[in-house]
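Quick note: the sequence shown, position 45, residue 45 per full-length UniProt numbering, numbers continuous.
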Amino acid sequence: MTIASLLEPVTGQPGPARLAHAGEWMQGRTLYGGASALLAYTMAVRAFPGLPPLRAGQIAFVAPVGEEFELDAEIVRQGRNVTQVRSEIRSGGKVALTAFWLFGEGREPNALHPAAPPENWPGAPEDNDVVSHSFAPSFIQNNFDLRYGQAKGVDHGATVRRWARLTEAHDLDPVSRLVLMGDVMPPGAMRAMQRVGPISSINWSFNVLDPESRSRDGWYLAENASQHADLGYSSERLRMWDADGRQVLDGIQCVAVFG
Numbered sequence: 001m002t003i004a005s006l007l008e009p010v011t012g013q014p015g016p017a018r019l020a021h022a023g024e025w026m027q028g029r030t031l032y033g034g035a036s037a038l039l040a041y042t043m044a045v046r047a048f049p050g051l052p053p054l055r056a057g058q059i060a061f062v063a064p065v066g067e068e069f070e071l072d073a074e075i076v077r078q079g080r081n082v083t084q085v086r087s088e089i090r091s092g093g094k095v096a097l098t099a100f101w102l103f104g105e106g107r108e109p110n111a112l113h114p115a116a117p118p119e120n121w122p123g124a125p126e127d128n129d130v131v132s133h134s135f136a137p138s139f140i141q142n143n144f145d146l147r148y149g150q151a152k153g154v155d156h157g158a159t160v161r162r163w164a165r166l167t168e169a170h171d172l173d174p175v176s177r178l179v180l181m182g183d184v185m186p187p188g189a190m191r192a193m194q195r196v197g198p199i200s201s202i203n204w205s206f207n208v209l210d211p212e213s214r215s216r217d218g219w220y221l222a223e224n225a226s227q228h229a230d231l232g233y234s235s236e237r238l239r240m241w242d243a244d245g246r247q248v249l250d251g252i253q254c255v256a257v258f259g
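Here is the structure:
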């Protein structure tokens with residue numbers, strides 16, 4: 001399934017939609033979180049053309065999203081500079097994903113504080129080894145190139161960092177690409193687990209730092225880091241940088257840790 005065919009059923013009109021070959025974007029029994037988030041984001045921007053650039057998103061992964069679902073979107077509030085939109089994916093008549101999007105016009109800055117470059121910069125993506133996809137979920141094997149973004153043989157704690165890019169030549173706008181790629185890494189809690197068990201994202205909240213990001217050759221450095229894990233849940237920080245070390249996305253996530 002191409003990215004275009006993934007988004008083709010999203011017309012901007014509320015109602016049912018069906019994905020052909022959804023299996024290529026599946027993660028277990030649900031669509032990969034970035035893909036389902038992109039469906040909800042695309043629904044919002046196609047339902048309401050002319051929105052300002054996206055500045056932030058809050059997404060709740062409520063239930064599995066499969067081949068057949070319903071889409072809906074509404075403007076919650078539209079001000080002079082900021083428009084807030086809610087979009088939902090429903091499955092079997094029940095909410096499977098709900099998203100709250102904050103769109104905002106740019107203004108003359110009164111505060112300037114660039115994000116810090118990443119610690120322990122791994123070097124350019126082409127200077128790092130390719131990550132094998134043999135044990136990765138199907139959505140990774142079908143849609144992403146991965147390269148290592150951390151030194152091997154070093155204890156990185158509960159942090160997973162990789163260079164990632166989409167394998168398909170696509171015409172996604174910069175924000176859609178960030179939404180699709182922003183949840184690509186497994187939770188950092190994976191490296192703190194005492195025994196093998198499933199993990200599942202429950203939500204994802206992020207800020208878009210550069211809505212016009214166009215990283216060299218499509219590579220982005222993606223990082224998931226567990227800030228605290230206990231009692232079956234992990235609080236994760238998700239960040240992305242472009243190929244020149246500029247941070248483009250900053251987010252947090254709650255992850256369920258089973259087993």
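Quick reminder that beta carbons are idealized off the backbone N, C-alpha and C, glycines included.
Do residue i and residue j have their C-beta atoms within less than 9 angstroms of each other?
i	j	result
H170	T2	yes
V76	E105	no
G245	F206	no
V196	A229	no
M240	E223	yes
V85	A63	no
A73	S91	no
P174	D210	yes
L249	V184	no
S226	G188	yes
A44	L51	yes
L71	L38	no
I199	V131	no
I89	S5	no
For the alpha helix (DSSP H) containing residue i, list its first residue and its last residue.
i	result
M185	Looking at the DSSP string, M185 is not in any alpha helix (DSSP H), and its letter there is neither H nor E.
T42	G33 to A47
L6	I3 to L7
Helix, strand or coil for residue i per DSSP?
i	result
S234	strand
E24	helix
T11	coil
Hey, could you find the ends of the beta strand (DSSP E) residue i is sitting in?
i	result
P16	G15 to R18
E74	E68 to Q78
L97	K94 to G104
A60	L54 to F61
E88	V82 to S91
Considering Cα atoms alone, identify which of the options is closest to residue i.
i	options	result
R162	V255, F144 and A111	F144
F69	A256, Q141, P9 and P211	P9
L235	G28, M190, V131 and V208	Reading off the sequence shown, one finds Ser at residue 235, where the question assumed Leu. For the residues G28, M190, V131 and V208, the minimum Cα distance to S235 belongs to M190.
E126	A44, T11 and L221	L221
P137	G123, G23, V154 and Q194	G23
A124	R214, G93, W219 and Q141	W219
A17	L31, E67 and I202	E67
L97	G34, F135 and H113	G34
P14	R46, W25 and S36	R46
V243	G153, A151, S215 and G79	Correcting the residue type first, residue 243 is Ala in the shown sequence and not Val. Checking every option, the nearest Cα to that of A243 belongs to S215.
*Considering only residues of the UniProt domain "Acyl-CoA thioesterase-like C-terminal" (118-257), which uninterrupted beta strand (DSSP E) runs meet the minimum length of 3 residues and lie entirely inside it, listed in chain order?*
144-148, 159-166, 199-201, 203-208, 220-230, 233-242 and 247-257
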